[in-house]
Amino acid sequence: METAATLDSALDTASLFDLPRPATECRIVVAMSGGVDSSVVAALAAASGAEVIGITLQLYDYGAATGRKGACCAGDDISDARAVADRLGIAHYVFDHESAFREEVVETFADAYLQGRTPVPCIRCNMGPKFTDLLRMARELGADCLATGHYVRREMGPAGAELHRALDPARDQSYFLYATTEAQLDFLRFPLGGLPKSQVRELAEQAGLRNAAKPDSQDICFVPDGDYAKIVTSLRPEGARTGAIVHAETGETLGEHKGVIHFTVGQRRGLDIGGQPEPLYVIGLDAETAQVRVGPKRLLAVGAATVIETNRIGPMPSGPLTAKVRSLSKPVQVTVEGALGQGATVTLRFANPEFGVAPGQAAVIYADDRVIGGGWIETTTPAISLDTVV
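Per my numbering, the sequence shown runs over residues -4 to 385.
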């Protein structure tokens, strides 16, 4: 195939998949979302000489999602995945996962906002439909591995496969994959983790893929317009319950809001409480009383966080650790109190106060660029007690 020859001259494609036998004797299943990244993975897999099968999970209603921008695994994305498979001459299957996705990801997302938390649905999706279900399908198809377009690296260490940050920090997606189990990592492959995005698009053009210039999908694919509250209200109408906006230090009621689902810890804009002597931020949310507590930025400082349902990948290192508490934040120095992994609860203690740590987000722990694991932030401990504020 001309496409395979072109890509094979650019990269040692077989080595990207770390196959147990010669590529011509192997079968690779590729998770194809319809985006350029997973399409290039399919092209690389085909160029390796292995038998390749593409699988797309349909996560939305096909008609309603057609033409939607910033989504994946729906509408035009399924059409793009099918066209890429045809171009590469590989088998392609679409499986309807709309109901499972709605139950495991979308409704969990809505419930979290209703509880005053800040969820990360992309992690839930990876923990459920994208890895658990896709891995099962790949094994049933007799595959040697499941390859995805995530920008992370799978490296072999002394104790087995390890998960590392992508070489391109601007593309790194390791935050969203901390819950990957060791058994899953043995079977998964991430061939794009060592490549910059620019090279990935060049490979797509070389392969003649029609989605080579397709824009990247946004973080939360089922909220293409960014209006989280609209999604939550449509699923949980009680989320529009009004309540008071209260100053965390003085207890003064500063205004009224239209539902805690419109707010997240650390938020500054959209409070509609002008005329204050200093900028105010959302310090906390009380879903039970529908109260939004606001205060100056210093009250956002957190000294520690309780992290639940933790996962660990590989052995716990003896050296220093860092953690990310938001997908776009920089790793900060931490210590972990308790035994990380197997669903245990641990305390994450920050070397310096960290700002805007929100319950419901994930805390992901690293040793250098290796992902050690992580869990969900359940509660936080303020670095400054309100009792000491003058």
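Each residue gets a CB set at the ideal place from its N, CA and C atoms; glycine is no exception.
query: Within 10 Å of its beta-carbon, does Lys209 have 16 or more other beta-carbons around it, so buried, or fewer, so exposed?; result: buried
query: The alpha helix (DSSP H) with Val352 in it runs from where to where?; result: No alpha helix (DSSP H) contains Val352, which DSSP labels as neither H nor E.
query: Pull the bridge partners of Arg293 from the DSSP assignment, please.; result: According to DSSP, Arg293 bridges with nothing at all.
query: For a test of the three-state rule: what should DSSP assign to Lys209, helix, strand or coil?; result: coil
query: Within 10 angstroms of the Cβ of Asp167, are there 16 or more other Cβ atoms? Answer buried if so, exposed if not.; result: buried
query: Here's the rule I'm using: 16 or more other beta-carbon atoms within 10 Å means buried, otherwise exposed. How should Ser212 be labelled?; result: buried
query: In the DSSP assignment, what are the bridge partners of Arg307?; result: Gly368
query: Let me make sure I understand the geometry here. Which of Gly254, Asn306, Leu295 has the alpha-carbon closest to that of Leu180?; result: Asn306
query: Whose CA, out of Ala107, Phe126, Ile278, Gly137, lies closest to the CA of Pro377?; result: Ile278
query: Considering only the beta carbon of each residue, do Gly144 and Gly30 sit closer than 8 Å?; result: yes
query: Can you tell me whether DSSP reads Tyr108 as helix, strand or coil?; result: helix
query: Classify Ser34: buried if its beta carbon has 16 or more other beta carbons within 10 angstroms, exposed otherwise.; result: buried
query: Indicate the three-state DSSP secondary structure (helix, strand or coil) for Arg231 in the structure shown.; result: coil
query: Please check the pair Glu354 and Ala296, which I expect to be a contact at CB under 8 Å, by giving their CB distance rounded to whole angstroms.; result: The amino acid occupying residue 354 in the given sequence is Pro; Glu does not appear at that position. Contact flag wrong, Cβ pair sits at about 16 Å.
query: Using a Cβ-Cβ distance under 8 Å, would Gln194 count as near chain B?; result: Structure shown: chain B not included; a single protein chain is present.
query: Applying the criterion that 16 or more other CB atoms from any shown protein chain within 10 Å of the CB defines a buried residue, is Ser313 buried or exposed?; result: exposed
query: Pull up the DSSP beta-bridge partners for His145, would you.; result: Looking at the DSSP assignment, His145 forms no beta bridge with any residue, so it has no partner.
query: Going by DSSP, what residue range makes up the beta strand (DSSP E) through Phe90?; result: 86 to 91
query: Is it true that the segment 216 to 231 meets the segment 95 to 105, where meeting means three or more beta-carbon pairs spaced less than 8 Å apart?; result: yes
query: In the DSSP assignment, find the beta strand (DSSP E) that holds Lys192 and state where it starts and stops.; result: Unbroken run through Lys192 is the alpha helix (DSSP H), 192 to 201; no beta strand (DSSP E).
query: Count the other CB atoms within 10 Å of the CB of Pro315; is the residue buried (16 or more) or exposed (fewer)?; result: exposed
query: Identify, in the order they occur along the chain, each residue of the same chain with its Cβ nearer than 7 Å to the Cβ of Tyr108, setting aside the five sequence neighbours on each side.; result: Pro114, Tyr223, Val227, Gly234, Ile256
query: Can you say whether Ser169 is buried or exposed, counting buried as having 16 or more other CB atoms within 10 angstroms of its CB?; result: buried
query: What does DSSP give as the partner residue(s) for Thr330 in the beta ladder?; result: Arg344
query: Is it right to say Asp72 is buried, meaning 16 or more other beta carbons lie within 10 angstroms of its own, or is it exposed?; result: buried
query: From what residue to what residue does the beta strand (DSSP E) around Arg160 run?; result: 155 to 160
query: With a cut-off of 8 Å, do at least 3 Cβ pairs link the segment 327 to 345 to the segment 269 to 277?; result: no
query: Which of the three DSSP states, helix, strand or coil, is assigned to Gln271?; result: coil
query: In terms of residues, what are the limits of the beta strand (DSSP E) holding Leu239?; result: One detail in the question is off: residue 239 reads as Ala in this sequence, not Leu. Per DSSP, Ala239 belongs to the beta strand (DSSP E) from 238 to 242.
query: Could you check where the beta strand (DSSP E) with Leu316 kicks off and where it finishes?; result: 316 to 319
query: Verify whether the separation of the beta carbon atoms of Pro191 and Asp163 is less than 8 Å.; result: yes
query: Could you compute how far the alpha carbon of Val331 sits from the alpha carbon of Glu177?; result: 20 Å
query: Quick one: grab the DSSP three-state call for Tyr361.; result: strand
query: Compute the distance between the beta-carbons of Gly123 and Val147, then report whether it is under 8 Å.; result: no
query: Taking the alpha helix (DSSP H) that Gln179 falls in, what are its first and last residues?; result: 177 to 182
query: Note down, in chain order, each residue of its chain lying with its Cβ closer than 7 Å to the Cβ of Leu11, except the 5 sequence neighbours on either side.; result: Leu39, Pro186
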